[in-house]
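Participant:
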Amino acid sequence: MKEKDAYIDYEPQQLIMYVENEDGTFGPIQTGSYITKNYLDDFWEKMMNLRNSLLEKLKKNEITPVYFYKLIHDFNDVELSRRTGISVFKVKQHQRVKSFRKAKLSDLYKYAYAFDIPVSNLFQAIVVEDNENKAESDKLKQPILVKQTRTENPFVVITKIELNKK
Amino acid sequence: MIIESFKHNMAAHCESGTLTALLNYKGLKITEPMIFGLGSALYFGYLSRTPNLSFPMFILRTKPGKIRKKIAKRTDIKFNTKQFKSQDEAEQELDSLIAKNIPVACKVDFYYMDYVPQWERVHANIHFITIVGKEGDEYIVSDSYYPKLARIHKDNLRKARFAGGYLAPKGFRYYIESVPEAVDYKKLIPVAIKNTVNNMVGIQPPFIGVRGIRTFAKKLQGWPKLTRDIDHLSHEVMKINVFLEDQGTGGGGFRFLYATFLRQASEILQSKELEDMSKKMMEIGDGWRNISYFAAKIGKNRDLGPEKLQELGQMINERADSEEAFYNELKTVVSNI
Numbered sequence: 000m001k002e003k004d005a006y007i008d009y010e011p012q013q014l015i016m017y018v019e020n021e022d023g024t025f026g027p028i029q030t031g032s033y034i035t036k037n038y039l040d041d042f043w044e045k046m047m048n049l050r051n052s053l054l055e056k057l058k059k060n061e062i063t064p065v066y067f068y069k070l071i072h073d074f075n076d077v078e079l080s081r082r083t084g085i086s087v088f089k090v091k092q093h094q095r096v097k098s099f100r101k102a103k104l105s106d107l108y109k110y111a112y113a114f115d116i117p118v119s120n121l122f123q124a125i126v127v128e129d130n131e132n133k134a135e136s137d138k139l140k141q142p143i144l145v146k147q148t149r150t151e152n153p154f155v156v157i158t159k160i161e162l163n164k165k
Numbered sequence: 000m001i002i003e004s005f006k007h008n009m010a011a012h013c014e015s016g017t018l019t020a021l022l023n024y025k026g027l028k029i030t031e032p033m034i035f036g037l038g039s040a041l042y043f044g045y046l047s048r049t050p051n052l053s054f055p056m057f058i059l060r061t062k063p064g065k066i067r068k069k070i071a072k073r074t075d076i077k078f079n080t081k082q083f084k085s086q087d088e089a090e091q092e093l094d095s096l097i098a099k100n101i102p103v104a105c106k107v108d109f110y111y112m113d114y115v116p117q118w119e120r121v122h123a124n125i126h127f128i129t130i131v132g133k134e135g136d137e138y139i140v141s142d143s144y145y146p147k148l149a150r151i152h153k154d155n156l157r158k159a160r161f162a163g164g165y166l167a168p169k170g171f172r173y174y175i176e177s178v179p180e181a182v183d184y185k186k187l188i189p190v191a192i193k194n195t196v197n198n199m200v201g202i203q204p205p206f207i208g209v210r211g212i213r214t215f216a217k218k219l220q221g222w223p224k225l226t227r228d229i230d231h232l233s234h235e236v237m238k239i240n241v242f243l244e245d246q247g248t249g250g251g252g253f254r255f256l257y258a259t260f261l262r263q264a265s266e267i268l269q270s271k272e273l274e275d276m277s278k279k280m281m282e283i284g285d286g287w288r289n290i291s292y293f294a295a296k297i298g299k300n301r302d303l304g305p306e307k308l309q310e311l312g313q314m315i316n317e318r319a320d321s322e323e324a325f326y327n328e329l330k331t332v333v334s335n336i
C-alpha cells in the first residue's frame, strides 16, 4: 500500500498501518479507520434495528431477557455458559419464556455480570424518546442522560435521569 | 504513580506492539514487524464449526500468546508469566509490580476497555495491554490501539482480566525479566520464515493456510443460510473489512506488516531476493485491501446476492493463488540463504 493512499482523515478512531513510503522504504503511519469513517452510521442503524426488533419481541413475551442480551453481546450458548458458569442446558432453558420464570436469582446475577448490566435491567428497558434517534455512543447529542450507578448491594442500582447540559 | 520512563506508542497489533514496547523499555531495540516476523505470526485459518463462535470467522495470525512463546523459545529473552485463580491476588500482585517500576502486560477482554469508542468494543479475550501506573482507583494503561495513555477503573480491569468464555484470560500477565545484549537475527530469520511458510503451504488441515483461504472463499457462499436477516448478513460481510484492516493488523490482513518484516530481514541478511519478496507481499496485501473495500461496499448496499458473494469468493481465491505462489518462492529463497 502506497503511503499517499493510506491516509484516512478520521480522528475518533486511529490505527497504525504499514505502508510503502514515497522513497520506497516500508514503515508505519498513524491514520484513521476507513470503515468507521465511511460506514459507522450503517453500523448504528443495524444495531438499532436489531435492538428494536428484539425489544418488540420482548414486549410481546416471545423471547426472554437472556436471549435479548445474548444477541446484543453476540454470544452463543456455549460462550454464555462459560462466561456465567451456568450449564449450557440451563442457558438454553433460560431462553425459553416459560422456563425463564423459574430462573434463580443467583443465576440472574451471573447473567447480569456477563452482560455488564445491573440485575434490574433484566426486567426493564429504559427508553428515552428524545434519545431514540441518537447513537448510543454519542452521549453529547442526547438531550437526556440516564446514569446507572451500582451500589454495594449487588441487586440494587440507582438510576438517575438528568438533562444533558453540555 | 506512573512509570515515567515507559514510552507509549501505538502499534499495528496489540500482542506484537505490547511485546515490542516492553522490550524497548528493557533496552532491546527491536521493531514491531521484526517481532511479528520472528514470532512466525502470519497465518490463515477459517473456523466454521466450533461451539466457541456464534458465527464462522477467519483468523489471520497465530493463536493469541503464541508470538511471545515463539520469541521466548527462539531468543534468550526471559519472561515472567503467571495466571491466577484469585482476583484479589492478581490485583495485589499487579500493584506490587507497578510499585517496583515494572510495566506489566495483561491479557484482557477488549470489551471492558471503556476508553476506546463504543463501536470498537467487542467481547474478545485476546487483547493485550500494558499497565504502567496506578492513581487512586484507576490504572494507567498503554494500549497499542489508543493514541495516548489511558485510564481504566480497577473494577473494569478486574472484569477484563477475569472475563470467562473462550480463551478466558484467567488473570494472565507477563513482564520481561531480562533481555540479551543482542539477538542473532541472521540465525533466527530463516527459521522464522520457514515456520511461516510451513503454516501457509505445509501439510495442514484444509481450513488452515492457503487451503484455508480457499475454504473461506467456498464457505462464504453459504453465509446467507446462517444469518437471521439481511442486516445480519451485511454485518458479517462488513466484518471482513474490520478483521482485515481495523482489528490490529497493520492493514491488508497483516500482509503489510509481514512485508515490512521481510524488508528489514533483507537488509540484515543483505538479500536482494528477500527484498523482492517484500515487494510482492506488499502487493498481496493490496489485494486483501481491495477485498476489504469490496466487502464493505456490498455490505453497506445490502447487495449480497449469490453473484456478489461469488465475486467476493473469486477475489479471495485469487489471493489464495497469489499466496501459494509467493510462499513456494519464499521457501526457495530462504533455503538459499
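Chains as they are written, first to last, in numbering that gives the first Met the number 0: chain L, 0 to 165; chain F, 0 to 336. By construction, the Cβ of each residue, glycine as well, lies at the ideal position given by its N, Cα and C atoms. As the structure is a prediction and not an experimental result, all values here were calculated from the model.
So which residues of chain F does L:Lys19 contact, with C-beta pairs closer than 7 Å?
Facilitator: Here residue 19 of chain L is taken as the residue at index 20 of the first sequence, counted from 1. Checking the sequence shown, residue 19 of chain L turns out to be Glu, not Lys. In chain order: Met281.
Participant: Under the DSSP definition of a beta bridge, which residues are partnered with L:Phe25?
Facilitator: Indexing the first sequence from 1 puts residue 25 of chain L at position 26. In the DSSP output, where bridge partners are listed per residue, L:Phe25 has L:Glu19.
Participant: By the DSSP assignment, the beta strand (DSSP E) with F:Ser95 in it spans what residues?
Facilitator: Taking the first residue of the second sequence as 1, we reach residue 95 of chain F at position 96. Unbroken run through F:Ser95 is the alpha helix (DSSP H), Gln86 to Ala98; no beta strand (DSSP E).
Participant: Could you check whether F:Leu27 and F:Val178 sit closer than 8 Å to each other, using their CB atoms as the reference points?
Facilitator: For the purposes of this step, residue 178 of chain F is taken as the residue at position 179 of the second sequence. For the purposes of this step, residue 27 of chain F is taken as the residue at position 28 of the second sequence. Contact: yes.
Participant: State the CB to CB distance for the pair F:Met9 and F:Ser95, rounded to an integer number of angstroms; the pair is presumed to be in contact (CB under 8 Å).
Facilitator: In the second sequence, counting from the first residue as 1, residue 9 of chain F sits at position 10. In the second sequence, counting from the first residue as 1, residue 95 of chain F sits at position 96. Incorrect: roughly 28 Å between the Cβ atoms, too far for contact.
Participant: Skipping 5 residues on each side, what residues in its chain have a beta carbon closer than 7 Å to that of F:Glu323?
Facilitator: Here residue 323 of chain F corresponds to residue number 324 of the second sequence, with the count starting at 1. Same-chain partners within the cutoff: Val200 and Val209.
Participant: What's the C-alpha gap between L:Val77 and L:Lys1?
Facilitator: Here residue 77 of chain L is taken as the residue at index 78 of the first sequence, counted from 1. Here residue 1 of chain L is taken as the residue at index 2 of the first sequence, counted from 1. Using only the alpha carbons, I get a separation of about 43 Å.
Participant: What are the start and end residues of each continuous alpha helix (DSSP H) run of 4 or more residues lying completely inside the stretch 253 to 278 of chain F, in chain order?
Facilitator: Whole alpha helix (DSSP H) segments, 4+ residues: 254 to 268.
Participant: Looking at C-alpha atoms only, which residue of F:Gly44, F:Lys65 and F:Ser4 is the closest neighbour of F:Cys13?
Facilitator: In the second sequence, residue 13 of chain F corresponds to position 14, counting from 1. Comparing Cα positions, the closest option is F:Lys65.
Participant: Alpha carbon to alpha carbon, what distance is there between F:Pro55 and F:Lys238?
Facilitator: As a working note, residue 238 of chain F is residue 239 in the second sequence. As a working note, residue 55 of chain F is residue 56 in the second sequence. Cα to Cα, F:Lys238 sits roughly 11 Å from F:Pro55.
Participant: Should L:Ala5 be listed as close to the ligand GDP, given that the test is whether its C-beta is under 7 Å from any heavy atom?
Facilitator: Summarising the ligand content, the structure contains no ligands, and the ligand GDP is consequently not present.
Participant: What does L:Val77 reach in chain F if we use C-beta pairs closer than 7 Å?
Facilitator: Counting from one through the first sequence, the residue named residue 77 of chain L turns up at place 78. By Cβ distance, chain F contributes Pro50 and Asn51.
Participant: Taking L:Ile125 as the query, report the chain F residues whose CB atoms sit under 8 Å from its CB, ordered along the chain.
Facilitator: The sequence position of residue 125 of chain L within the first sequence is 126, counting from 1. Simply none; closest approach about 17 Å.
Participant: Determine the direct distance from the alpha carbon of F:Ala149 to that of F:Thr74, and round the result to whole angstroms.
Facilitator: The residue given as residue 74 of chain F occupies position 75 in the second sequence. The residue given as residue 149 of chain F occupies position 150 in the second sequence. One C-alpha to the other measures close to 31 Å.
Participant: Have a look at the DSSP bridge pairing and note the partners of F:Glu3.
Facilitator: One-based indexing of the second sequence puts residue 3 of chain F at position 4. According to DSSP, which records beta bridges pairwise, F:Glu3 is partnered with nothing at all.
Participant: Please confirm whether L:Phe167 has its beta-carbon closer than 8 Å to some beta-carbon of chain F.
Facilitator: Limits of chain L in this structure are 0 at one end and 165 at the other, which puts residue 167 of chain L out of reach.
Participant: Kindly indicate if chain L contains any beta-carbon less than 8 Å away from that of F:Lys299.
Facilitator: Residue 299 of chain F sits at position 300 when you count from the first residue of the second sequence. Interface residue, yes.
Participant: Which bits of chain F does L:Arg160 rub up against, with CB to CB less than 7 Å?
Facilitator: Here residue 160 of chain L refers to the residue found at position 161 when the first sequence is read from its first residue. In the sequence under discussion, the amino acid at residue 160 of chain L is Ile, which differs from the Arg named in the question. Going along chain F, no residue has its Cβ under 7 Å from L:Ile160, so there is no contact; the nearest lies around 20 Å.
Participant: Step through the CB atoms of chain L and report whether any lies within less than 8 Å of the CB of F:Asp285.
Facilitator: As a first step, residue 285 of chain F must be located in the second sequence, where it is residue number 286. F:Asp285 counts as touching chain L.
Participant: So F:Leu273 contacts chain L; which residues on that side make the cut at Cβ distance below 8 Å?
Facilitator: Counted from its first residue, the second sequence places residue 273 of chain F at position 274. Those within 8 Å of F:Leu273 in chain L number zero; the least Cβ separation is about 12 Å.
Participant: Are F:Trp287 and F:Gly247 close, meaning C-beta to C-beta below 8 Å?
Facilitator: Walking along the second sequence from the start, residue 287 of chain F turns up at place 288. Walking along the second sequence from the start, residue 247 of chain F turns up at place 248. It is not a contact, given that the beta carbons lie outside the stated cut-off.
Participant: Jot down the residue ranges of each uninterrupted alpha helix (DSSP H) in the stretch 121 to 162 of chain F, minimum 4 residues, whole runs only, in chain order.
Facilitator: Segments of the alpha helix (DSSP H) lying fully in the stretch 121 to 162 of chain F: 153 to 160.
Participant: Quick one: Cα of F:Ala159 to Cα of F:Tyr138, how far?
Facilitator: Here residue 159 of chain F is taken as the residue at index 160 of the second sequence, counted from 1. Here residue 138 of chain F is taken as the residue at index 139 of the second sequence, counted from 1. Taking the straight line from one Cα to the other gives about 13 Å.
Participant: Please decide whether L:Asp73 counts as near chain F, where near means a Cβ-Cβ distance under 8 Å.
Facilitator: Here residue 73 of chain L corresponds to residue number 74 of the first sequence, with the count starting at 1. Yes - at least one Cβ of chain F is within 8 Å of the one on L:Asp73.
Participant: Can we say the stretch 123 to 131 of chain F touches the stretch 152 to 168 of chain F, given the rule of at least three CB pairs closer than 8 Å?
Facilitator: A contact exists between the stretch 123 to 131 of chain F and the stretch 152 to 168 of chain F.
Participant: F:Gly36 lies in the alpha helix (DSSP H); which residues open and close that run?
Facilitator: On the second sequence, position 37 is the one that residue 36 of chain F refers to. Taken as a continuous stretch (DSSP letters only), the alpha helix (DSSP H) holding F:Gly36 covers Glu31 to Leu37.
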